[in-house]
Structures are given as C-alpha cells and as structure tokens.
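K.L.:
A single structure is presented below for examination.
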Amino acid sequence: RIAALIAEGDRIQAANRQFRRELAAWIHPNRSRSRDGMPGYAFGMGDLASSAGPFLIRTFDWGKGRAAKDKQLASGSPLLAVLGTKGDSARDWLVAGMALSRVLLLARSEGVWGSYLNQPIEVAELRPRLGELVGDGVPQLLMRMGYGPGVLPTPRRPANEVML
Numbered sequence: 017r018i019a020a021l022i023a024e025g026d027r028i029q030a031a032n033r034q035f036r037r038e039l040a041a042w043i044h045p046n047r048s049r050s051r052d053g054m055p056g057y058a059f060g061m062g063d064l065a066s067s068a069g070p071f072l073i074r075t076f077d078w079g080k081g082r083a084a085k086d087k088q089l090a091s092g093s094p095l096l097a098v099l100g101t102k103g104d105s106a107r108d109w110l111v112a113g114m115a116l117s118r119v120l121l122l123a124r125s126e127g128v129w130g131s132y133l134n135q136p137i138e139v140a141e142l143r144p145r146l147g148e149l150v151g152d153g154v155p156q157l158l159m160r161m162g163y164g165p166g167v168l169p170t171p172r173r174p175a176n177e178v179m180l
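When the count follows the working numbering, it moves up by one through the sequence shown with no breaks and lands on 180 for the last residue.
Pasting the structure below:
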C-alpha cells in the first residue's frame with residue numbers, strides 16, 4: 017500500500033507544471049560543471065538524454081511512467097523505512113535530520129544504500145494517509161534501503177560556500 021502512495025505522489029507531482037519546472041531547473045547535463053542540482057546520470061540518463069532531460073521534464077507529464085517505475089522499485093525493495101517524529105515542529109524536523117544522518121552513515125558502513133521515495137511526504141494530502149499506514153507519529157521521510165551496485169557521486173559545493 018505504501019508503494020501505491022508513492023506512485024500516486026508521482027502522478028500528482030508530475031501533473032503540476034510548477035513542480036516540473038522546478039525539478040527541471042535542478043537537473044543538469046552529465047558534462048555540466050554545476051555543483052548544484054543533480055546530473056542526469058543520477059537518474060540513469062546517458063549524455064544525450066541528460067541534455068534533453070530538463071526540457072522533457074519541464075514540458076511533458078511523465079507521471080504515469082515514473083509512477084510505474086517507483087511502484088516497482090518500492091514493491092521490490094528489501095526495506096522501506098519511514099522516519100517519523102512525535103510532532104511536526106522545526107525541532108522535530110531537526111531531530112529527524114540528525115536521526116537520518118546516523119541511519120545513513122551506519123547503513124553505508126554496512127554496505128547498504130538508501131534512496132528517497134518522499135512523494136507521500138511531499139504531497140500534502142498523502143502524508144496523513146502514510147501516517148495511518150505506519151502508525152504513531154508524523155512521517156518525515158520515506159526511503160528504500162538495500163544492497164546494490166555502486167553509483168557515481170554527484171557534484172557538491174565546498175562547505176565554505178554553503179555555511180553561514
């Protein structure tokens with residue numbers, strides 16, 4: 017049932033032109049020197065597709081295809097993890113972020129990868145439904161976890177450019 021919520025979130029987000037525009041702005045061609053956003057290879061795009069990717073994402077409603085793929089990924093994952101908090105305040109978000117950093121660092125030390133599937137968190141009307149499925153608390157993050165092949169790292173800005 018969580019996989020179905022993920023797919024529904026994909027369809028809702030992809031139908032939203034503003035969402036598609038913002039997502040397209042963050043995706044760059046593989047050969048880009050940008051240290052913000054994500055190169056196309058992070059989404060499995062080759063060089064040519066990564067150059068056309070932002071236009072295609074911005075222009076077309078790709079929700080049905082993405083929904084089918086994400087539903088299959090979620091259904092086939094060894095573990096779907098929901099990180100939740102008792103409340104939904106800024107302090108709760110900070111606590112969730114600290115817990116997430118511990119989970120991800122421990123997972124990587126054991127060779128486990130994590131991949132976000134936050135559509136049911138990001139789409140406001142789906143979040144309470146996810147909460148009903150998982151029980152107490154407020155869902156803050158949803159991800160699939162498991163073993164898989166290594167991936168290329170994505171570019172990062174130096175810490176001194178993002179620290180206040």
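Positions of the beta carbon are idealized from the N, C-alpha and C atoms, including for glycine.
Can you tell me where the alpha helix (DSSP H) with A31 in it begins and where it stops?
P.N.:
Residue numbering aside, residue 31 sits at position 15 when the sequence shown is read from its first letter. Note, A31: alpha helix (DSSP H), 18-31.
K.L.:
Grouping DSSP H, G and I as helix and E and B as strand, with all else coil, what is T75?
P.N.:
For the purposes of this step, residue 75 is taken as residue 59 along the sequence shown, with counting starting at 1. In the structure shown, T75 sits in a helix (DSSP, three-state: H, G or I).
K.L.:
Using a Cβ-Cβ cut-off of 6 Å (strictly less than) and excluding sequence neighbours within five positions of N134, which residues of its own chain qualify?
P.N.:
In the sequence shown, the residue the question calls residue 134 occupies position 118. L158, listed in sequence order.
K.L.:
Short check: CB of L99 to CB of L116, under 8 Å?
P.N.:
On the sequence shown, position 83 is the one that residue 99 refers to. On the sequence shown, position 100 is the one that residue 116 refers to. It is a contact, given that the beta carbons lie within the stated cut-off.
K.L.:
So, for G103: in the same chain, excluding its five sequence neighbours on each side, which residues have a beta-carbon less than 7 Å away from its beta-carbon?
P.N.:
The residue labelled residue 103 in the question sits at position 87 within the sequence shown. Once the five neighbours on either side are set aside, the close Cβ partners of G103 are V154.
K.L.:
Look at the alpha carbon of M54 and the alpha carbon of G69, and state the distance between them as a whole number of angstroms.
P.N.:
Here residue 54 corresponds to residue number 38 of the sequence shown, with the count starting at 1. Here residue 69 corresponds to residue number 53 of the sequence shown, with the count starting at 1. Cα to Cα, the separation comes out at about 11 Å.
K.L.:
Pair every Cβ in the segment 49-63 with every Cβ in the segment 27-36, then say whether three or more of these pairs are closer than 8 Å.
P.N.:
Short answer: they don't touch.
K.L.:
Please report the straight-line C-alpha distance between K87 and A23, rounded to a whole angstrom.
P.N.:
The residue given as residue 87 occupies position 71 in the sequence shown. The residue given as residue 23 occupies position 7 in the sequence shown. Distance between the alpha carbons of K87 and A23: 5 Å.
K.L.:
Leaving out the 5 sequence neighbours to the left and right, which residues in its chain are closer than 6 Å to R173 when beta-carbon positions are compared?
P.N.:
Here residue 173 refers to the residue found at position 157 when the sequence shown is read from its first residue. Result list for R173: R51, in chain order.
K.L.:
Following the continuous beta strand (DSSP E) through P155, name the residue where it begins and the one where it ends.
P.N.:
In the sequence shown, residue 155 corresponds to position 139, counting from 1. Segment 154-162, the beta strand (DSSP E) holding P155.
K.L.:
Kindly confirm or deny that the segment 34-45 and the segment 139-149 touch, where touching means at least three C-beta pairs closer than 8 Å.
P.N.:
Short answer: they don't touch.
K.L.:
Report the residue from I73, L39, S48, P136 whose alpha carbon sits nearest the alpha carbon of R17.
P.N.:
If you number the sequence shown from 1, residue 17 lands on position 1. Among I73, L39, S48, P136, the Cα nearest to that of R17 belongs to P136.
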